[in-house]
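Each remark here refers to the structure printed beneath this line.
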Amino acid sequence: MYAQKEIEVKGQNYTVQYYLSENRNAIARIKENVISITLPRRWPEKERTNAAYNLEKRMIRKLVRPQTKINAIPDNLTDQQKIAFARNSLPTVIARVSELNAQHFNSKIGRIRIRKNLTNWGSCSSKNNISINFALLFLPQELMDYVIVHELAHTKERNHLHKFWQIVEKVLPNYKDRKKELRRYSLSN
Ligand SMILES: [Zn+2]
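Be aware that the sequence shown starts at 297, since it is given in the numbering used here, and climbs by one per residue.
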């Protein structure tokens, strides 16, 4: 490595490291928070500087670009199949909400529904009616549990402030991983 600098992309710090090699081509890689740019030693300095600049820009663009999300809902389902699937899944969802509520919250719950046109994975109304996004039915149980716990925690705290997340964390110590995992999926198709 012959040079190194720190940059910030979307509030995240990255180290850019520059290497020289005997290769013919310039290459750039990102691994965790390190961007490494390897340039051919044989290139004139001006060319190397240009290549480094362009590669760095390309890597930053890659970091800024939102990742494409996975559709949670399989796209080969007819509307009728979706309705049937939601209907069949409802008792299981209700049972899980009740179970987690009894174990950790003991809140008075209103209606529990599965809904298709939610803009979130779940919601909890002021009357403690809990809605679960239809798309969630297709995701792993641990993500379903995270959303259920999240909504149940809203029966105690109506906001997303520190105290709210403390409640979630008490029930699911690894909730941050689940929350992050959930971000990989899109809730519509
Ligand atoms: Zn929330």
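Beta carbons: idealized from backbone N, C-alpha and C, even for Gly.
query = Cβ of H446 versus every heavy atom of ligand 1: is any distance shorter than 7 angstroms?
reply = Position 150 of the sequence shown holds residue 446. At a threshold of 7 angstroms, H446 counts as near ligand 1, since its beta carbon sits closer than that to one of the ligand's heavy atoms.
task = Would you check if there are 3 or more beta carbon pairs closer than 8 angstroms linking the stretch 347-363 to the stretch 323-335?
result = yes
request  = With hydrogens ignored, establish whether the beta-carbon of H458 is closer than 7 angstroms to any heavy atom of ligand 1.
outcome  = Locating residue 458 in the sequence shown gives position 162, where the first residue counts as 1. No, Cβ of H458 sits at least 7 angstroms from all heavy atoms of ligand 1.
query = Should H450 be listed as close to ligand 1, given that the test is whether its C-beta is under 7 angstroms from any heavy atom?
reply = Position 154 of the sequence shown, counted from the first residue, corresponds to residue 450. Checking every heavy atom of ligand 1 against the Cβ of H450, one is found closer than 7 angstroms.
request  = Can you check DSSP and say which residues form a bridge with N309?
outcome  = Counting from one through the sequence shown, the residue named residue 309 turns up at place 13. Answer is E304.
query = In terms of alpha-carbon separation, which member of I390, V305, S482, V360 lies closest to L414?
reply = Position 118 of the sequence shown holds residue 414. Residue S482 is the option with its Cα nearest to L414.
ask   = When you compare each of K342, G307, L359 to A486 by their alpha carbons, which one comes out closest?
value = Beyond the ends of the chain as shown, which are 297 and 485, falls residue 486; an answer cannot be given.
query = Just curious, the alpha helix (DSSP H) that A545 is in, first and last residue?
reply = Nothing can be reported for residue 545: it is not among the residues displayed for the chain, which extend from 297 to 485.
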